[in-house]
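Engineer: As they're listed, the protein sequences go chains H and Z. By the count of my numbering, the first sequence reaches residue 188 at its end, each step adding exactly one. By the count of my numbering, the second sequence reaches residue 249 at its end, each step adding exactly one. After the structure tokens below, expect a handful of questions from me.
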Amino acid sequence: MAESHGGAKGPATNAHTEADGGHHSGGFPPFESSTFASQLVSLAIFFVLLYVIVSKLALPRVGGAIEARQNRIEGDLAEAQTLKDQSDAALKAYESELASARTRAQAIGNESRDKANAQAEAERKTLEEQLAAKLAEAEKTIASTRTAAMSNVRGIAADAAGQIVQQLAGVVPDAASVNAAVDASLKG
Amino acid sequence: MKIDPIHQFNIEPLFTLGHIGNQTIAFTNSSLYMLVAVAIISILMLASGTQLVPGRFQSVAEISYEFVASTIRSTAGAEGMKFFPLIFSLFMFICVSNLVGIIPYTFTVSSHLIVTAGLALLVFFTVLIYGVAKNGLKFFSIFVPHGVPGYVLPLVMFIEILSFFLRPVSHSIRLFANMLAGHIALKVFAGFVAMLGFSLGAIGWVGGVLPLALTVALYALEILVAFLQAYVFAILTCIYLNDAIHPGH
């Protein structure tokens with residue numbers, strides 16, 4: 001490579017290159033076999049060192065950090081999922097609770113309405129009965145009063161008839177015949 | 001003003017670590033940039049916090065993790081995650097050292113064939129040893145494709161075996177050549193700007209706008225290439241490992 005390059009540049013450059021190459025014990029550095037042993041030993045030392053550092057320290061460390069992050073993300077996602085499930089379940093429970101409460105409220109409403117209706121009916125009935133009883137009593141009183149009044153009227157009529165007969169005929173009539181006469185006229 | 005696009009690849013020993021045979025083992029500028037890459041990756045991955053809601057710094061670390069993990073899962077399946085540390089190390093090491101290397105005056109570790117070859121051979125032997133250990137001789141059924149007529153089977157097997165053993169070559173040269181060529185091209189075009197300016201004066205500085213614009217465009221491309229080559233290296237590793245994990249395919 002050095003030779004072809006030098007050739008392209010002409011004799012002057014070629015001389016330079018050769019002089020320079022001569023300074024470093026001849027030729028193209030990558031092909032100088034005297035440096036091979038040093039480079040191989042260095043490579044062995046540093047590559048083994050690097051391998052040990054990488055395999056024992058670096059990769060477990062960085063891999064651990066990546067894995068920890070992965071686990072954390074998965075854990076968080078799982079936790080979010082369980083929380084979501086819980087909230088879904090709670091929502092479902094709430095809805096069923098609400099539905100049952102609604103039906104219960106309806107039942108209670110119906111029941112209390114029925115009860116109130118029944119009570120009102122019963123009260124009305126007792127009140128009607130009381131009123132009917134009072135009415136019957138009042139009618140009885142009226143009837144008895146009328147009977148009494150009627151009997152008084154008979155007595156008064158008999159007296160009045162006896163008096164009238166006495167005044168007109170001057171004869172005290174027989175009470176029995178007066179009564180009979182009054183009764184006959186009342187009936188008539 | 002001369003253009004020396006090769007200088008940036010020089011290996012400079014900083015201090016000597018020891019000797020193996022007659023070879024001197026030195027801590028070089030390459031070693032330093034390997035250390036820089038390891039340090040940057042360690043800081044990124046270890047100092048970035050582990051918050052539930054990540055900050056910017058932590059996001060970069062986690063995106064790197066997820067990116068490599070999903071690459072493995074999509075190419076080698078869930079069983080491929082056994083090799084997560086290996087592939088993560090390869091990807092981050094190449095990506096970070098490439099991105100550091102693109103900063104001017106730094107050194108690019110993967111611009112040297114020996115380094116990419118070392119990594120590619122590591123993958124090759126991992127595949128071979130794991131494949132044989134897990135599947136026994138059944139592992140070698142990857143060389144015998146299904147539904148091939150008997151008379152061409154020897155030829156196909158020959159090609160399959162050859163391509164298997166050439167894998168580390170293509171695996172390493174792809175990365176090496178991309179980084180090398182990109183850095184040379186950048187250096188050449190950037191060098192033109194200075195060369196034109198110093199040799200032609202005012203006209204040269206005006207004329208230098210063109211190579212400068214090209215350098216900026218190339219720079220953007222090289223940032224993409226730096227990441228892309230790391231990704232290609234990692235995904236090829238996954239595909240090769242997939243053969244070892246599931247040899248039936």
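Idealized CB from N, CA, C, for every residue including glycine.
Under 8 Å between the Cβ atoms of Z/Ser172 and Z/Thr116?
Structural biologist: Taking the second sequence and counting its residues from 1, the one referred to as residue 172 of chain Z is at position 172. Taking the second sequence and counting its residues from 1, the one referred to as residue 116 of chain Z is at position 116. In this structure, Z/Thr116 lies closer than 8 Å to Z/Ser172 by Cβ.
Engineer: Where do the N-terminal and C-terminal ends of the beta strand (DSSP E) with Z/Ile142 fall, by residue?
Structural biologist: On the second sequence, position 142 is the one that residue 142 of chain Z refers to. Premise fails: Z/Ile142 is in no beta strand (DSSP E) and is neither H nor E.
Engineer: Would Z/Met81 count as contacting chain H if we go by Cβ distances under 8 Å?
Structural biologist: The sequence position of residue 81 of chain Z within the second sequence is 81, counting from 1. Closer than 8 Å: no.
Engineer: Using alpha carbons as the reference points, say which of Z/Lys187, Z/Leu122, Z/Pro149, Z/Gly204 lies closest to Z/Arg167.
Structural biologist: As a first step, residue 167 of chain Z must be located in the second sequence, where it is residue number 167. With distances taken between Cα atoms, Z/Arg167 lies closest to Z/Leu122.
Engineer: Would the segment 123 to 135 of chain Z and the segment 230 to 247 of chain Z be scored as touching if the rule is three or more Cβ pairs under 8 Å?
Structural biologist: Touching, yes.
Engineer: Would you grab the beta carbon distance between Z/Ile235 and Z/Leu175 for me? Rounded to a whole angstrom, and I think it's under 8 Å.
Structural biologist: In the second sequence, residue 235 of chain Z corresponds to position 235, counting from 1. In the second sequence, residue 175 of chain Z corresponds to position 175, counting from 1. The pair is not a contact, with the Cβ atoms about 12 Å apart (cut-off 8 Å).
Engineer: Using a Cβ-Cβ cut-off of 8 Å, state whether H/Ser25 counts as contacting chain Z.
Structural biologist: Taking the first sequence and counting its residues from 1, one reaches residue 25 of chain H at position 25. Because H/Ser25 carries a pLDDT of 48, less than 50, the predicted location of this residue cannot be relied on, and the following value inherits that uncertainty. Closer than 8 Å: no.
Engineer: Got a sec: is the Cβ-Cβ distance from Z/Met1 to anything in chain H below 8 Å?
Structural biologist: Taking the first residue of the second sequence as 1, we reach residue 1 of chain Z at position 1. For Z/Met1, the predicted structure reports a pLDDT of 48, less than 50, and the residue's modelled location is therefore unreliable. The matter cannot be settled from this model.
Engineer: Would you mind working out which of Z/Val36, Z/Ala47, Z/Leu113 sits nearest H/Glu32, comparing C-alpha positions?
Structural biologist: By one-based count along the first sequence, residue 32 of chain H stands at place 32. Of Z/Val36, Z/Ala47, Z/Leu113, the residue nearest in Cα terms is Z/Leu113.
Engineer: At a CB-CB cut-off below 8 Å, which residues of chain H make contact with Z/Val100?
Structural biologist: Locating residue 100 of chain Z in the second sequence gives position 100, counting from the first residue. Result: empty, since nearest Cβ-Cβ is about 13 Å, beyond 8 Å.
Engineer: Could you list the residues in the segment 7 to 20 of chain Z with a C-beta less than 8 Å from some C-beta on chain H, going in chain order?
Structural biologist: Hits within the stretch, in order: His7, Phe9, Asn10, Ile11, Pro13, Leu17, Ile20.
Engineer: For Z/Gln229 versus Z/Asn98, is the C-beta distance shorter than 8 Å?
Structural biologist: As a first step, residue 229 of chain Z is located in the second sequence; it is residue number 229 there, counting from the start. As a first step, residue 98 of chain Z is located in the second sequence; it is residue number 98 there, counting from the start. Closer than 8 Å, so yes.
Engineer: With contact counted as at least three CB pairs below 8 Å, one residue from each stretch, are the segment 177 to 194 of chain Z and the segment 214 to 227 of chain Z in contact?
Structural biologist: At 8 Å Cβ cutoff, the stretches touch.
Engineer: My guess is that Z/Val60 and Z/Leu44 are in contact by the Cβ rule of under 8 Å, so how many angstroms apart are they, rounded?
Structural biologist: Counting from one through the second sequence, the residue named residue 60 of chain Z turns up at place 60. Counting from one through the second sequence, the residue named residue 44 of chain Z turns up at place 44. Their Cβ separation, rounded to whole angstroms, is 6 Å, which keeps Z/Val60 and Z/Leu44 in contact under 8 Å.
Engineer: For Z/Met34, which residues of its own chain have a beta-carbon under 6 Å away from its beta-carbon, when the five flanking residues on both sides are left out?
Structural biologist: Taking the first residue of the second sequence as 1, we reach residue 34 of chain Z at position 34. Val109, listed in sequence order.
Engineer: Between H/Arg102 and chain Z, is the shortest Cβ-Cβ distance under 8 Å, so that the two count as touching?
Structural biologist: In the first sequence, counting from the first residue as 1, residue 102 of chain H sits at position 102. With 8 Å as the cut-off, H/Arg102 does not count as an interface residue toward chain Z.
Engineer: Could you give the distance in angstroms between the alpha-carbon of H/Gly75 and the alpha-carbon of Z/Ile239?
Structural biologist: Locating residue 75 of chain H in the first sequence gives position 75, counting from the first residue. Locating residue 239 of chain Z in the second sequence gives position 239, counting from the first residue. Taking the straight line from one Cα to the other gives about 36 Å.
Engineer: Is the shortest distance between the beta-carbon of Z/Pro211 and the beta-carbons of chain H less than 8 Å?
Structural biologist: As a working mapping, residue 211 of chain Z is identified with position 211 in the second sequence. Chain H, which has no Cβ nearer than 8 Å to the Cβ of Z/Pro211, makes this no.
Engineer: Since H/Gly63 meets chain Z, which of its residues come closer than 7 Å, beta carbon to beta carbon?
Structural biologist: Position 63 of the first sequence holds residue 63 of chain H. Those are Tyr65, listed as they occur along chain Z.
Engineer: Given a cut-off of 8 Å on the beta-carbon distance, is the pair Z/Leu214 and Z/Phe189 in contact?
Structural biologist: Reading the second sequence from its first residue, position 214 is the one you call residue 214 of chain Z. Reading the second sequence from its first residue, position 189 is the one you call residue 189 of chain Z. A contact, by the Cβ cut-off of 8 Å.
Engineer: DSSP puts Z/Phe189 in a beta bridge; with which residues?
Structural biologist: Along the second sequence, one-based indexing puts residue 189 of chain Z at 189. Beta-bridge pairing links Z/Phe189 to no other residue.
Engineer: Here's the rule: buried if 16 or more other CB atoms are within 10 angstroms of the residue's CB, otherwise exposed. What is H/Ser151?
Structural biologist: Locating residue 151 of chain H in the first sequence gives position 151, counting from the first residue. By the 10 Å Cβ count, H/Ser151 comes out exposed.
Engineer: Where does Z/Ile20 sit, in a helix, a strand or coil, going by DSSP?
Structural biologist: As a working mapping, residue 20 of chain Z is identified with position 20 in the second sequence. Of the three classes helix, strand and coil, the one that applies to Z/Ile20 here is strand, per DSSP.
Engineer: Roughly how many angstroms lie between the CA atoms of Z/Arg56 and Z/Ile41, to the nearest whole one?
Structural biologist: Position 56 of the second sequence, counted from the first residue, corresponds to residue 56 of chain Z. Position 41 of the second sequence, counted from the first residue, corresponds to residue 41 of chain Z. Going by the C-alpha atoms only, they are around 15 Å apart.
Engineer: From H/Glu123 to H/Ala133, what does the alpha carbon distance come to, in whole angstroms?
Structural biologist: On the first sequence, position 123 is the one that residue 123 of chain H refers to. On the first sequence, position 133 is the one that residue 133 of chain H refers to. For H/Glu123 and H/Ala133, the distance between alpha carbons rounds to 15 Å.
Engineer: If we define contact as Cβ-Cβ less than 8 Å, is Z/Gly191 a contact residue for chain H?
Structural biologist: Here residue 191 of chain Z refers to the residue found at position 191 when the second sequence is read from its first residue. Not closer than 8 Å to any Cβ of chain H, the Cβ of Z/Gly191 fails to qualify, so no.
Engineer: Using the DSSP secondary-structure output, state which residues sit across from Z/Ala26 in a beta bridge.
Structural biologist: On the second sequence, residue 26 of chain Z is found 26 positions in, with the first residue counted as 1. DSSP, once it has assigned bridges, lists Z/Thr16 as partnering Z/Ala26.
Engineer: Determine the direct distance from the alpha carbon of Z/Phe124 to that of Z/Ile159, and round the result to whole angstroms.
Structural biologist: Stepping through the second sequence from its first residue, residue 159 of chain Z is reached at position 159. Stepping through the second sequence from its first residue, residue 124 of chain Z is reached at position 124. Rounded to the nearest angstrom, the two C-alpha atoms are 17 Å apart.
Engineer: Would you please verify whether the beta carbon of H/Thr17 is less than 8 Å from any beta carbon of chain Z?
Structural biologist: Taking the first sequence and counting its residues from 1, one reaches residue 17 of chain H at position 17. With a pLDDT of 39 at H/Thr17, under the threshold of 50, the modelled position of that residue is not reliable, and no figure is offered here.
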